[in-house]
Every structure is written in C-alpha cells, then in structure tokens.
Amino acid sequence: MLDLLAEPPSALDAAVGLSAVELLEGAVVLRLDPTATARGGDDPRPFLHGGVLATCVDTAGWYAVAHASPGTWVAVDLRCDFLRLAAPGPHRVVARCLRAGRTLAVADVEIAPWDEPDRLTAVGRIQFARVSDSSPV
Numbered sequence: 001m002l003d004l005l006a007e008p009p010s011a012l013d014a015a016v017g018l019s020a021v022e023l024l025e026g027a028v029v030l031r032l033d034p035t036a037t038a039r040g041g042d043d044p045r046p047f048l049h050g051g052v053l054a055t056c057v058d059t060a061g062w063y064a065v066a067h068a069s070p071g072t073w074v075a076v077d078l079r080c081d082f083l084r085l086a087a088p089g090p091h092r093v094v095a096r097c098l099r100a101g102r103t104l105a106v107a108d109v110e111i112a113p114w115d116e117p118d119r120l121t122a123v124g125r126i127q128f129a130r131v132s133d134s135s136p137v
C-alpha cells in the first residue's frame, strides 16, 4: 500500500502549502498552510482564491483514492462548492474515498479552518478513472 505520509509533497502541493498529515480508515487528512503564492503573492488578499481550494479537492481526493486502491488515477470530474470565504490561515482538508472500483473511483472532500473543523469553508466531490494498476509514486 502507498505510504502517503512518507511521500514528499509535489511541486504543486509545496507551492500552495498542502501536506498529508494523517491516514484514517477510509479517509486522509491534509493540512493547508497557505504560502505567500496561495495568498496572492505581491497582492495579498484577506481570503484564499477558489482555485487553491479546488486544488485541495483534487489532491486530497487523489490521496484518499490512492490510499484505498493503489494505481494510477486521473481526475475526470471535479465539483467544488464554496460555502464561505476562506481566511488565509491554516485549513484542515479531509477526503474520504466513497468507492474505488476497477475503473472508476469517487471521493468527497471537506475543507475547514484547522482549529474549527465543523465550520466548513468548501466541500467537493471528485471522480477518477484508473489508467494503470501500478502507482506512479
């Protein structure tokens, strides 16, 4: 099984400040510590751009699916609902693999401030297609 906690973050994960912190039964927890780039670079905003949150849905969903069923998975559909402005501080990103079949997998993702896990900022659902039985990492 893939050890997601031992893997170094990808360049994209590092650019936004995303890292896996805990593997649970059927779920993975990531921490988003937004980098200066994720906060708007030279024009910092008092909130995170929705693209940063959508990136969290994509990455966390992949982690959950890869943890449940190793292989090479690519996203084929992504939905992200923004429930409130996301402050530029740390966030908890929890992804659960709902189903991982032979060719398709689906994960749900919840994003909330790190110290307020019940105060959802965004939720997402992502579907993946398996393109290979071997893992790319």
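Numbering of the sequence shown is given in full-length UniProt numbering, commencing with residue 1 and proceeding in unit increments.
Every residue, glycine too, gets a C-beta built ideally from N, C-alpha and C.
- Query: How many Å lie between aspartate 42 and alanine 36 at the Cα?
  - Reply: In the sequence shown, the residue the question calls residue 42 occupies position 42. In the sequence shown, the residue the question calls residue 36 occupies position 36. The straight-line gap from Cα to Cα measures roughly 8 Å.
- Query: Which class does leucine 78 belong to by DSSP, given the choice of helix, strand or coil?
  - Reply: Residue mapping note: residue 78 aligns to position 78 of the sequence shown, counting from 1. In this structure, leucine 78 counts as strand in the three-state DSSP scheme.
- Excluding the five sequence neighbours on either side, which residues of its own chain have a C-beta within less than 7 Å of the C-beta of arginine 96, listed in chain order? The count along the sequence shown starts at 1 and reaches residue 96 at position 96. Result list for arginine 96: Gly26, Ala27, Ala64, Ala107 and Asp108, in chain order.
- Query: With a Cβ-Cβ cutoff of 8 Å, do proline 88 and arginine 39 count as a contact?
  - Reply: In the sequence shown, counting from the first residue as 1, residue 88 sits at position 88. In the sequence shown, counting from the first residue as 1, residue 39 sits at position 39. It is a contact, given that the beta carbons lie within the stated cut-off.
- Task: Check each candidate in Val93, Phe128 and Ser132 and name the one with the smallest Cα separation from threonine 121.
- Result: If you number the sequence shown from 1, residue 121 lands on position 121. Closest option to threonine 121, Cα to Cα, is Val93.
- Compare the C-beta of glycine 17 with all C-beta atoms of chain B and state if any pair is closer than 8 Å. The structure shown contains no chain B, having only a single protein chain.
- Message: On the CB-based measure, 16 or more other CB atoms within 10 Å of its CB, does leucine 83 come out buried or exposed?
- Response: Within the sequence shown, the letter at position 83 stands for residue 83. Around the beta-carbon of leucine 83, fewer than 16 other beta-carbon atoms lie within 10 Å, marking it exposed.
- What are the boundary residues of the beta strand (DSSP E) that includes aspartate 108? For the purposes of this step, residue 108 is taken as the residue at position 108 of the sequence shown. Counting along the chain, the unbroken beta strand (DSSP E) around aspartate 108 starts and ends at 104-113.
- Who does glutamate 22 pair with in a DSSP beta bridge? On the sequence shown, position 22 is the one that residue 22 refers to. Partner(s): Val29.
- When you compare only the Cα positions, how much space is there between proline 46 and aspartate 13? Locating residue 46 in the sequence shown gives position 46, where the first residue counts as 1. Locating residue 13 in the sequence shown gives position 13, where the first residue counts as 1. In this structure, the alpha-carbon of proline 46 lies about 21 Å from that of aspartate 13.
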